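So the structure is just underneath, and the comments pick up after that.
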Amino acid sequence: MISALRGALASAMGQEIELVQRRTYQEITGALLDGSVDAAWTCGYPFLQHRAELSLLGVPVWRGEPLYQSYLIVAEDDPATSLTDLRGGTHAFSDPDSNSGFLVTASDIARMGEAPDKFFSRAIFTYGHRNVVRAVAGGLTRSGSVDGYVWEVLNNVEPDLTARIKIIDRSEKLGFPPFVARSDRMAEAGTIACAAALKSLDQTDQGQTVLRLLYLDGVTAAEPSLFDGIAARMTVMGGG
4 MISALRGALA
14 SAMGQEIELV
24 QRRTYQEITG
34 ALLDGSVDAA
44 WTCGYPFLQH
54 RAELSLLGVP
64 VWRGEPLYQS
74 YLIVAEDDPA
84 TSLTDLRGGT
94 HAFSDPDSNS
104 GFLVTASDIA
114 RMGEAPDKFF
124 SRAIFTYGHR
134 NVVRAVAGGL
144 TRSGSVDGYV
154 WEVLNNVEPD
164 LTARIKIIDR
174 SEKLGFPPFV
184 ARSDRMAEAG
194 TIACAAALKS
204 LDQTDQGQTV
214 LRLLYLDGVT
224 AAEPSLFDGI
234 AARMTVMGGG
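Under our numbering, think of the first position of the sequence shown as 4, with each following residue one higher.
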(Lines of atoms letter the chains of each structure in order from A and count residues from 1; the text may use other names and numbers.)
(Lines give C-alpha, C1' and ligand atoms only; values in the text may rest on other atoms or scores of the structure.)
Protein backbone atom coordinates (compact mmCIF):
# COMPACT_ATOMS: atom_id res chain seq x y z
CA MET A 1 0.00 0.00 0.00
CA ILE A 2 2.83 2.39 0.88
CA SER A 3 4.50 1.68 -2.44
CA ALA A 4 1.25 2.20 -4.33
CA LEU A 5 0.55 5.48 -2.51
CA ARG A 6 4.06 6.76 -3.18
CA GLY A 7 3.72 5.94 -6.86
CA ALA A 8 0.30 7.54 -7.23
CA LEU A 9 1.32 10.76 -5.49
CA ALA A 10 4.65 10.99 -7.34
CA SER A 11 2.89 10.55 -10.65
CA ALA A 12 0.25 13.15 -9.87
CA MET A 13 2.80 15.66 -8.53
CA GLY A 14 5.33 15.06 -11.30
CA GLN A 15 8.21 14.51 -8.89
CA GLU A 16 9.74 11.86 -6.67
CA ILE A 17 8.50 11.84 -3.10
CA GLU A 18 9.49 10.10 0.11
CA LEU A 19 6.93 8.63 2.50
CA VAL A 20 8.07 8.64 6.10
CA GLN A 21 6.38 6.60 8.83
CA ARG A 22 6.47 7.50 12.52
CA ARG A 23 5.37 5.51 15.59
CA THR A 24 3.45 8.22 17.45
CA TYR A 25 1.34 11.26 16.63
CA GLN A 26 3.73 13.35 18.72
CA GLU A 27 6.58 12.35 16.40
CA ILE A 28 4.46 13.11 13.33
CA THR A 29 3.48 16.53 14.66
CA GLY A 30 7.06 17.32 15.62
CA ALA A 31 8.29 16.45 12.12
CA LEU A 32 5.65 18.72 10.59
CA LEU A 33 6.41 21.65 12.84
CA ASP A 34 10.19 21.45 12.48
CA GLY A 35 9.95 21.10 8.70
CA SER A 36 11.32 17.55 8.51
CA VAL A 37 8.27 16.59 6.45
CA ASP A 38 6.14 18.74 4.16
CA ALA A 39 2.76 17.16 4.84
CA ALA A 40 1.28 14.39 6.97
CA TRP A 41 -1.72 12.15 7.43
CA THR A 42 -2.53 12.72 11.07
CA CYS A 43 -5.53 12.82 13.41
CA GLY A 44 -8.09 15.53 14.06
CA TYR A 45 -6.96 15.79 17.69
CA PRO A 46 -3.33 16.88 17.04
CA PHE A 47 -4.57 19.03 14.14
CA LEU A 48 -6.71 20.97 16.59
CA GLN A 49 -3.99 21.00 19.24
CA HIS A 50 -1.84 22.88 16.72
CA ARG A 51 -4.61 24.69 14.86
CA ALA A 52 -2.61 27.94 14.78
CA GLU A 53 0.26 26.27 12.92
CA LEU A 54 -1.46 23.66 10.72
CA SER A 55 -3.91 23.78 7.79
CA LEU A 56 -5.93 21.15 5.96
CA LEU A 57 -4.81 19.67 2.63
CA GLY A 58 -7.78 17.33 2.42
CA VAL A 59 -9.83 14.80 4.34
CA PRO A 60 -10.44 11.18 3.28
CA VAL A 61 -13.98 10.13 2.40
CA TRP A 62 -15.03 6.78 3.86
CA ARG A 63 -18.37 5.18 3.09
CA GLY A 64 -19.54 8.40 1.47
CA GLU A 65 -18.58 10.81 4.26
CA PRO A 66 -15.42 12.48 5.65
CA LEU A 67 -16.42 11.06 9.02
CA TYR A 68 -15.72 8.10 11.29
CA GLN A 69 -16.40 6.88 14.83
CA SER A 70 -14.55 5.58 17.85
CA TYR A 71 -15.48 2.06 18.96
CA LEU A 72 -15.32 0.75 22.51
CA ILE A 73 -14.46 -2.94 22.38
CA VAL A 74 -14.29 -5.94 24.71
CA ALA A 75 -13.80 -9.68 24.27
CA GLU A 76 -16.68 -11.47 22.54
CA ASP A 77 -17.73 -13.26 25.74
CA ASP A 78 -17.41 -10.23 28.06
CA PRO A 79 -20.69 -9.31 29.82
CA ALA A 80 -20.05 -5.54 29.60
CA THR A 81 -22.58 -3.50 27.63
CA SER A 82 -21.37 0.06 28.30
CA LEU A 83 -18.40 2.10 29.48
CA THR A 84 -19.64 2.15 33.06
CA ASP A 85 -19.37 -1.64 33.18
CA LEU A 86 -15.63 -1.34 32.57
CA ARG A 87 -14.83 0.54 35.79
CA GLY A 88 -11.89 -1.04 37.58
CA GLY A 89 -10.78 -3.07 34.56
CA THR A 90 -7.74 -2.80 32.29
CA HIS A 91 -7.94 -0.78 29.07
CA ALA A 92 -5.94 -0.29 25.87
CA PHE A 93 -5.65 3.12 24.24
CA SER A 94 -3.82 3.60 20.94
CA ASP A 95 -2.06 6.97 21.40
CA PRO A 96 -2.44 9.89 23.82
CA ASP A 97 -2.93 12.22 20.83
CA SER A 98 -5.51 10.01 19.12
CA ASN A 99 -9.13 11.14 18.97
CA SER A 100 -10.72 7.71 18.50
CA GLY A 101 -8.02 5.86 20.41
CA PHE A 102 -7.98 8.09 23.49
CA LEU A 103 -9.87 11.40 23.51
CA VAL A 104 -13.37 9.99 22.96
CA THR A 105 -13.20 7.55 25.87
CA ALA A 106 -11.25 9.94 28.10
CA SER A 107 -13.79 12.72 27.56
CA ASP A 108 -16.67 10.32 28.23
CA ILE A 109 -15.01 9.45 31.53
CA ALA A 110 -14.40 13.15 32.24
CA ARG A 111 -18.12 13.76 31.80
CA MET A 112 -18.59 11.36 34.71
CA GLY A 113 -16.29 13.55 36.78
CA GLU A 114 -13.44 11.04 36.66
CA ALA A 115 -10.10 10.46 34.93
CA PRO A 116 -8.94 7.37 32.99
CA ASP A 117 -6.12 6.57 35.42
CA LYS A 118 -8.64 6.40 38.25
CA PHE A 119 -11.53 4.85 36.33
CA PHE A 120 -9.44 1.93 35.02
CA SER A 121 -7.20 -0.18 37.23
CA ARG A 122 -4.57 0.03 34.50
CA ALA A 123 -4.43 1.66 31.08
CA ILE A 124 -1.79 1.12 28.38
CA PHE A 125 -0.94 2.78 25.07
CA THR A 126 -0.33 0.33 22.23
CA TYR A 127 0.63 2.93 19.56
CA GLY A 128 -1.49 1.29 16.91
CA HIS A 129 -5.21 0.61 16.56
CA ARG A 130 -4.59 -2.95 15.38
CA ASN A 131 -2.52 -3.42 18.54
CA VAL A 132 -5.52 -2.29 20.62
CA VAL A 133 -7.63 -5.02 19.02
CA ARG A 134 -4.89 -7.58 19.57
CA ALA A 135 -4.53 -6.54 23.23
CA VAL A 136 -8.23 -7.12 23.87
CA ALA A 137 -8.44 -10.30 21.78
CA GLY A 138 -5.41 -11.73 23.54
CA GLY A 139 -6.64 -10.89 27.03
CA LEU A 140 -3.88 -8.36 27.76
CA THR A 141 -6.61 -5.84 28.60
CA ARG A 142 -10.32 -6.17 29.21
CA SER A 143 -11.32 -3.33 26.88
CA GLY A 144 -10.00 -0.93 24.28
CA SER A 145 -10.67 2.27 22.35
CA VAL A 146 -10.23 1.88 18.61
CA ASP A 147 -10.69 3.75 15.35
CA GLY A 148 -13.92 2.51 13.76
CA TYR A 149 -12.46 2.80 10.25
CA VAL A 150 -9.46 0.66 11.21
CA TRP A 151 -11.78 -1.81 12.91
CA GLU A 152 -13.94 -2.17 9.81
CA VAL A 153 -10.89 -2.65 7.59
CA LEU A 154 -9.58 -5.30 10.00
CA ASN A 155 -12.99 -6.94 9.91
CA ASN A 156 -12.46 -7.39 6.16
CA VAL A 157 -8.80 -8.44 6.16
CA GLU A 158 -8.49 -10.23 9.53
CA PRO A 159 -11.97 -11.54 10.37
CA ASP A 160 -10.54 -14.24 12.64
CA LEU A 161 -9.16 -11.47 14.86
CA THR A 162 -12.27 -9.29 15.01
CA ALA A 163 -14.49 -12.34 15.59
CA ARG A 164 -12.96 -12.55 19.06
CA ILE A 165 -14.16 -9.03 19.87
CA LYS A 166 -17.48 -7.22 20.24
CA ILE A 167 -18.29 -3.52 20.04
CA ILE A 168 -20.22 -2.21 23.04
CA ASP A 169 -20.34 1.49 22.11
CA ARG A 170 -19.85 3.77 19.13
CA SER A 171 -19.21 7.50 19.36
CA GLU A 172 -20.97 10.16 17.35
CA LYS A 173 -19.53 10.69 13.85
CA LEU A 174 -16.44 12.89 13.92
CA GLY A 175 -14.07 14.41 11.37
CA PHE A 176 -11.94 11.74 9.67
CA PRO A 177 -8.15 11.90 10.24
CA PRO A 178 -6.95 14.63 7.84
CA PHE A 179 -3.99 15.40 5.63
CA VAL A 180 -2.30 18.57 6.89
CA ALA A 181 0.66 20.87 6.28
CA ARG A 182 2.15 23.82 8.07
CA SER A 183 0.05 26.93 7.50
CA ASP A 184 3.03 29.03 6.51
CA ARG A 185 3.83 26.57 3.70
CA MET A 186 0.36 26.33 2.17
CA ALA A 187 1.28 28.71 -0.69
CA GLU A 188 4.38 26.71 -1.69
CA ALA A 189 4.22 24.93 -5.04
CA GLY A 190 4.96 21.53 -3.51
CA THR A 191 2.20 21.86 -0.90
CA ILE A 192 -0.32 22.96 -3.52
CA ALA A 193 0.69 20.02 -5.74
CA CYS A 194 0.38 17.58 -2.84
CA ALA A 195 -3.12 18.79 -1.99
CA ALA A 196 -4.18 18.51 -5.63
CA ALA A 197 -2.66 15.03 -5.94
CA LEU A 198 -4.51 13.78 -2.86
CA LYS A 199 -7.85 15.16 -4.05
CA SER A 200 -7.40 13.64 -7.50
CA LEU A 201 -6.63 10.07 -6.38
CA ASP A 202 -10.08 8.90 -7.49
CA GLN A 203 -9.43 10.19 -11.01
CA THR A 204 -6.52 7.93 -12.01
CA ASP A 205 -6.01 4.16 -12.19
CA GLN A 206 -3.06 4.39 -9.79
CA GLY A 207 -5.03 6.48 -7.36
CA GLN A 208 -8.05 4.21 -7.50
CA THR A 209 -5.80 1.26 -6.67
CA VAL A 210 -4.55 3.11 -3.58
CA LEU A 211 -8.08 3.98 -2.51
CA ARG A 212 -9.18 0.35 -2.84
CA LEU A 213 -6.24 -0.76 -0.70
CA LEU A 214 -7.20 1.85 1.90
CA TYR A 215 -10.96 1.10 1.66
CA LEU A 216 -11.55 4.82 0.98
CA ASP A 217 -13.74 6.60 -1.57
CA GLY A 218 -11.44 9.55 -2.14
CA VAL A 219 -10.07 12.72 -0.55
CA THR A 220 -12.09 15.92 -0.37
CA ALA A 221 -11.59 19.56 0.62
CA ALA A 222 -12.88 20.42 4.08
CA GLU A 223 -13.16 23.26 6.55
CA PRO A 224 -11.83 23.13 10.13
CA SER A 225 -15.45 23.16 11.34
CA LEU A 226 -15.59 19.48 10.32
CA PHE A 227 -13.69 18.85 13.56
CA ASP A 228 -16.01 20.81 15.87
CA GLY A 229 -17.11 17.57 17.54
CA ILE A 230 -13.50 16.78 18.45
CA ALA A 231 -13.03 20.37 19.67
CA ALA A 232 -16.04 19.94 21.95
CA ARG A 233 -14.48 16.84 23.48
CA MET A 234 -11.18 18.69 23.96
CA THR A 235 -13.11 21.33 25.88
CA VAL A 236 -14.49 18.64 28.18
CA MET A 237 -10.89 17.63 28.88
CA GLY A 238 -9.85 21.23 29.47
CA GLY A 239 -7.77 21.34 26.31
CA GLY A 240 -9.92 23.41 23.96
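Each residue gets a CB set at the ideal place from its N, CA and C atoms; glycine is no exception. This one's a predicted model, so the numbers in the text were calculated from it and none came from an experiment.
DSSP-derived helix/strand/coil call for residue i
{"i": "F96", "result": "strand"}
{"i": "Y74", "result": "strand"}
{"i": "A55", "result": "coil"}
{"i": "A184", "result": "strand"}
{"i": "P82", "result": "coil"}
{"i": "E21", "result": "coil"}
{"i": "G141", "result": "coil"}
{"i": "R236", "result": "helix"}
{"i": "M189", "result": "coil"}
Beta-carbon proximity list for residue i, same chain, < 7 angstroms, skipping 5 on both sides
{"i": "I5", "result": "L22"}
{"i": "R90", "result": "F122"}
Beta-bridge partners of residue i, as assigned by DSSP
{"i": "P3", "result": "Outside the modelled stretch of the chain, which goes from 4 to 243, sits residue 3, for which no answer is possible."}
{"i": "K121", "result": "Note: K121 sits in no beta bridge, so no partner."}
{"i": "K169", "result": "V77"}
{"i": "S146", "result": "V77 and H94"}
{"i": "F128", "result": "F96"}
{"i": "A43", "result": "V183"}
{"i": "G104", "result": "Answer is none; G104 lacks a bridge partner."}
{"i": "L177", "result": "Y71"}
Sequence-distant residues of the same chain with beta carbon closer than 8 angstroms to residue i, five excluded per side
{"i": "W65", "result": "Y71, Y152, F179, Y218, L219 and D220"}
{"i": "V239", "result": "S110, A113 and R114"}
{"i": "R173", "result": "Q72, S73, Y74, L75 and G151"}
{"i": "T84", "result": "I171"}
Whole-angstrom C-beta distance between residue j and residue i, which should lie under 8 angstroms
{"i": "L60", "j": "F230", "result": "About 14 angstroms; that fails the 8 angstroms criterion."}
{"i": "L1", "j": "R185", "result": "One cannot answer for residue 1 here, as it falls past the ends of the chain, which runs 4 to 243."}
{"i": "A95", "j": "V135", "result": "5 angstroms"}
{"i": "S101", "j": "Y48", "result": "6 angstroms"}
Does the contact criterion of 3 or more C-beta pairs under 8 angstroms hold for the stretch 115–122 versus the stretch 137–156?
no
Are the stretch 204–217 and the stretch 44–51 touching, with three or more C-beta to C-beta distances below 8 angstroms?
no
The stretch 127–146 contacting the stretch 73–88, beta-carbon criterion three pairs below 8 angstroms:
yes
Taking three-plus beta-carbon pairs below 8 angstroms as touching, is the stretch 10–28 in contact with the stretch 197–215?
yes
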